[in-house]
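Asks:
There are 2 protein chains.
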Amino acid sequence: MVYAVIGTGAVGGYYGAKLAHSGQEVHFLLHSDYEYVHRHGLQVRSCDGSFHLLQPHVYNDPALMPQCDVVLVALKSVNNGLIPSLLAPLLKPDTLVVLIQNGLGLEADLQQQMPSLHLAAGLAFICSAKTEPGIVNHQCYGYINIGNYSCHEQERVEQVVSDFRAAGVDAHSVEYHEARWKKAVWNMPFNGMTVVLNTRTDLLLSNPYTKQLIYEQMLEVIRAARACGVENIDETFADKMIYNTENMTPYSPSMKLDYDFGRPMEIDYLYTRPLRMARAANCPMPYLEMLEAELRFLEAN
Amino acid sequence: MVYAVIGTGAVGGYYGAKLAHSGQEVHFLLHSDYEYVHRHGLQVRSCDGSFHLLQPHVYNDPALMPQCDVVLVALKSVNNGLIPSLLAPLLKPDTLVVLIQNGLGLEADLQQQMPSLHLAAGLAFICSAKTEPGIVNHQCYGYINIGNYSCHEQERVEQVVSDFRAAGVDAHSVEYHEARWKKAVWNMPFNGMTVVLNTRTDLLLSNPYTKQLIYEQMLEVIRAARACGVENIDETFADKMIYNTENMTPYSPSMKLDYDFGRPMEIDYLYTRPLRMARAANCPMPYLEMLEAELRFLEAN
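Shown next, in the form of structure tokens:
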């Protein structure tokens, strides 16, 4: 299969480079790093083994890219308005588009604009950062779950999982709705709270007040998920997420990095959209509504 | 009547000085400013007319003070554990103690320690600051409401109100529970939110997200007040508070000043205690529970 990566940053750059390094044909769309990567290649400095792609297929214009079988989209979701025009030149009738992005409602919104698209969600569990042009620093974790949203051929989704595994990436095929909501159980409390209180995951959990608050926020997401039809989740999942996070390396979530570096925050898909889904299911999330308002204030001031 | 002031700061210094300036006998207990005020007197720089008390009655030890008819307590409530020992030398059997402090539950807690005390609440609506030793800067507003908590002689409360008025302070006698809760409707949202988002009242209200959040937080307090037996309050009071604040000078509440200057915040009586009362009345305040947790985190980190 021929792969494309739209958004060759800390996440898209990592997963695309792993596939290319394993021998897959991967075409990378770049923006600010194009000149550098065209000359010097793409480096992955990784806890799992570093490598250097000397001459990757790189582009600064999607019109110059070939049609592909699989497109991995790893843009920040604040730029999702660009996706239809970026995708158009890459599509064959059966191209699978995998949105490796955080949040809820991403696939539904894109599907509405492009009704015949074959879509899947990519849930990336990875600590990585692009610290310099053309260099992806992969600190820890790295597995990816793929949930089929609207692809008629589940085999294609399984093939992507299989290609990732062959590339040394721990990958699994998962149920779409359950996977997106389960990721939100972690993402919604920690992304916003680290921004509002200017702190890290470990400090939030070492204070009894914020630990309890994070736990209550997780329960809000779990209840909303159940109200939205996800059955395979209950309150024990919050205990598990708290336990896992306490045993993780102290961590700044992506929204904290975005805020600290003056980049736009992904409030729409991490908060506004899931909050709307929860209200529509008659299961509002008051703590997370408040967190959204605080983030909207910080974004504007 | 003979007055004492315990806590001669921005609030206690202002109200005590106004009474003394009008001819009342007022005995001031001072701590860090004692030497300065003993030598140079107490200055009030006020939007309503400045004045200088050249030789006020000042003390640095309550044991040296005379017994008084009225004691105005204007300590920060984080120091309320000191009140019984500070009060003891000043009390006659019928002394009225007025707690000019922010929060809920202050009188109940002190009454439990000193069951025979005659207590009232002083609700101060004032912008003032002690910027230098012995100098109170009074920027705007200044009225005070007195609510009788446990004084058998309502006449004494009325006499205090009358003395304030004779001193040029707009004062009123009010119903205790209603007055404390109504003040909390403003205090609970604005004190904490200006700290957590490092901002001012006017900016919180000019952002549509935080304006709505502040409004919802006010409704939480109003519902809790009603659940706790305050009948003369409804949701229109929130509209009034929002409108008044939009027409106020941009303002940093006392907790914001405390946090900015590294002083302890009055979280116990402004949040923890009223939150407990609301839960006990089966009317929890989730937005304000979250705000308390955020403040506890900032206090500790």
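Protein chains in written order, with the numbering used here: chain F, 1 to 301; chain C, 302 to 602. In this text, a Cβ means the ideal position worked out from N, Cα and C, and glycines have one as well. Remember, it's a predicted structure, so these values are computed and weren't measured experimentally.
Quick one: what's F/R279 bridged to in DSSP?
Replies: In the DSSP output, where bridge partners are listed per residue, F/R279 has none listed.
Asks: Nearest CA to the CA of C/A318: which residue from C/F352, C/Q413, C/C348?
Replies: Checked all of C/F352, C/Q413, C/C348; the closest Cα to C/A318 is C/F352.
Asks: Would you say F/E294 reaches chain C, if we count a Cβ-Cβ gap shorter than 8 Å as a contact?
Replies: Interface residue, yes.
Asks: Which of the three DSSP states is assigned to F/H21 in this structure?
Replies: Helix.
Asks: By alpha-carbon positions, which one of F/E155, F/G192, F/T245 ends up nearest to F/D69?
Replies: Ranking F/E155, F/G192, F/T245 by Cα distance to F/D69 puts F/E155 first.
Asks: Measure the Cβ-Cβ separation of C/Q344 and C/I436 and say whether it is below 8 Å.
Replies: Yes; because the gap between Cβ atoms is below 8 Å, this pair is in contact.
Asks: If I follow the unbroken beta strand (DSSP E) through C/K431, where does it start and stop?
Replies: Per DSSP, C/K431 belongs to the beta strand (DSSP E) from 419-433.
Asks: Just by C-beta distance, which residues in the stretch 569-599 of chain C are closer than 9 Å to chain F?
Replies: Within the stretch 569-599 of chain C, the residues whose Cβ lies closer than 9 Å to some Cβ of chain F are P587, Y588, E590, M591, L592, E593, A594, E595, L596, R597, F598, L599, listed in chain order.
Asks: By a C-beta neighbour count over all protein chains shown, 10 Å radius and 16 as the cutoff for buried, is C/G404 buried or exposed?
Replies: By the 10 Å Cβ count, C/G404 comes out buried.
Asks: Beta carbon of F/N137, beta carbon of F/V174: below 8 Å?
Replies: Contact: no.
Asks: Does C/N508 come within less than 8 Å of chain F when only Cβ atoms are used?
Replies: Taking Cβ atoms only, chain F reaches closer than 8 Å to C/N508, which makes this a yes.
Asks: Restricting to Cα atoms, I'd like to know which of C/L355, C/M578, C/E454, C/I401 is closest to C/G310.
Replies: Of the candidates C/L355, C/M578, C/E454, C/I401, the one whose C-alpha sits nearest the C-alpha of C/G310 is C/I401.
Asks: Is the beta carbon of F/R296 sitting closer than 8 Å to the one on C/N508?
Replies: Yes; because the gap between Cβ atoms is below 8 Å, this pair is in contact.
Asks: Examine the Cβ distances between the stretch 519-529 of chain C and the stretch 578-590 of chain C and report whether three or more of them are shorter than 8 Å.
Replies: Touching, yes, given that three or more Cβ pairs across the two stretches are closer than 8 Å.
Asks: Per the contact definition of three or more C-beta pairs closer than 8 Å, is the stretch 247-255 of chain F in contact with the stretch 263-273 of chain F?
Replies: Yes, the stretch 263-273 of chain F is in contact with the stretch 247-255 of chain F.
Asks: Answer yes or no: does any C-beta atom of chain F fall closer than 8 Å to that of C/A601?
Replies: With 8 Å as the cut-off, C/A601 counts as an interface residue toward chain F.
Asks: Report the start-end ranges of each beta strand (DSSP E) in the stretch 31-67 of chain F that is 3 residues or longer and not cut off at the edges.
Replies: Within the stretch 31-67 of chain F, the complete beta strand (DSSP E) runs of at least 3 residues are 42-46, 51-53, 57-59.
Asks: Suppose the cutoff is 6 Å on Cβ atoms and the five residues either side in sequence are ignored; what does the same chain contact list for C/Y444 look like?
Replies: Correct list, in chain order: F426, D471.
Asks: Alpha carbon to alpha carbon, how far is C/V379 from C/T573?
Replies: Spanning the two alpha carbons is a distance of roughly 12 Å.
Asks: Taking 8 Å as the CB-CB limit, is F/G8 close to chain C?
Replies: Per the sequence shown, residue 8 of chain F should be read as Thr rather than Gly. Output row for F/T8: interface = no.
Asks: Answer with yes or no whether the minimum CB distance from C/Q513 to chain F is below 8 Å.
Replies: Answer yes: the Cβ-Cβ gap between C/Q513 and chain F drops below 8 Å somewhere.
Asks: Taking the Cβ atom as the reference point for each residue, do F/A108 and F/V5 lie within a distance shorter than 8 Å?
Replies: Cβ atoms of F/A108 and F/V5: not closer than 8 Å.
Asks: With F/G147 as the anchor, note down where its beta strand (DSSP E) starts and where it stops.
Replies: Its beta strand (DSSP E) spans residues 135-148.
Asks: Would you call the CB atoms of F/V223 and F/C283 closer than 8 Å?
Replies: Inspection of the sequence shows that residue 223 of chain F is occupied by Arg rather than by Val. In this structure, F/C283 lies closer than 8 Å to F/R223 by Cβ.
Asks: Applying a beta-carbon distance threshold of less than 9 Å, which residues of chain C neighbour F/L219?
Replies: Here the premise fails: no neighbours, minimum Cβ distance about 12 Å.
Asks: Following the continuous alpha helix (DSSP H) through F/L104, name the residue where it begins and the one where it ends.
Replies: First-last for F/L104: undefined, no H or E at that position.
Asks: For a contact defined as C-beta to C-beta under 9 Å, what are the partners of F/T236 on chain C?
Replies: Those do not exist, as F/T236 stays about 22 Å from chain C at its closest Cβ, beyond 9 Å.
Asks: What does C/E468 pair with, by DSSP beta-bridge criteria?
Replies: Note on residue identity: the sequence assigns Ala, not Glu, to residue 468 of chain C. C/A468 is not bridged to any residue.
Asks: Compare the C-beta of C/V497 against all C-beta atoms of chain F and say whether one is closer than 8 Å.
Replies: True, the Cβ-Cβ gap to chain F drops below 8 Å.
Asks: Is it the case that the Cβ atoms of C/I543 and C/L506 are separated by a distance below 8 Å?
Replies: Closer than 8 Å, so yes.
Asks: Would F/A238 and F/S22 qualify as a contact pair, given that the criterion is a beta-carbon distance under 8 Å?
Replies: No, the pair does not count as a contact, with Cβ atoms beyond the cut-off.
Asks: Report yes if the C-beta distance between C/V461 and F/V196 is below 8 Å; otherwise report no.
Replies: Contact flag unset, no.
Asks: Would F/M290 and F/D163 be called neighbours here (beta carbons separated by less than 8 Å)?
Replies: Cβ distance not < 8 Å, so F/M290 and F/D163 don't count as in contact.
Asks: Let me see if you follow: with CB-CB separation under 8 Å, is C/F550 close to chain F or not?
Replies: Correcting the residue type first, residue 550 of chain C is Thr in the shown sequence and not Phe. By this cut-off, C/T550 is not an interface position.
Asks: Can you tell me whether C/Y552 is helix, strand or coil according to DSSP?
Replies: Coil, per DSSP.
Asks: Along chain F, in chain order, which residues have C-beta atoms closer than 8 Å to that of C/T396?
Replies: Here the premise fails: no neighbours, minimum Cβ distance about 38 Å.
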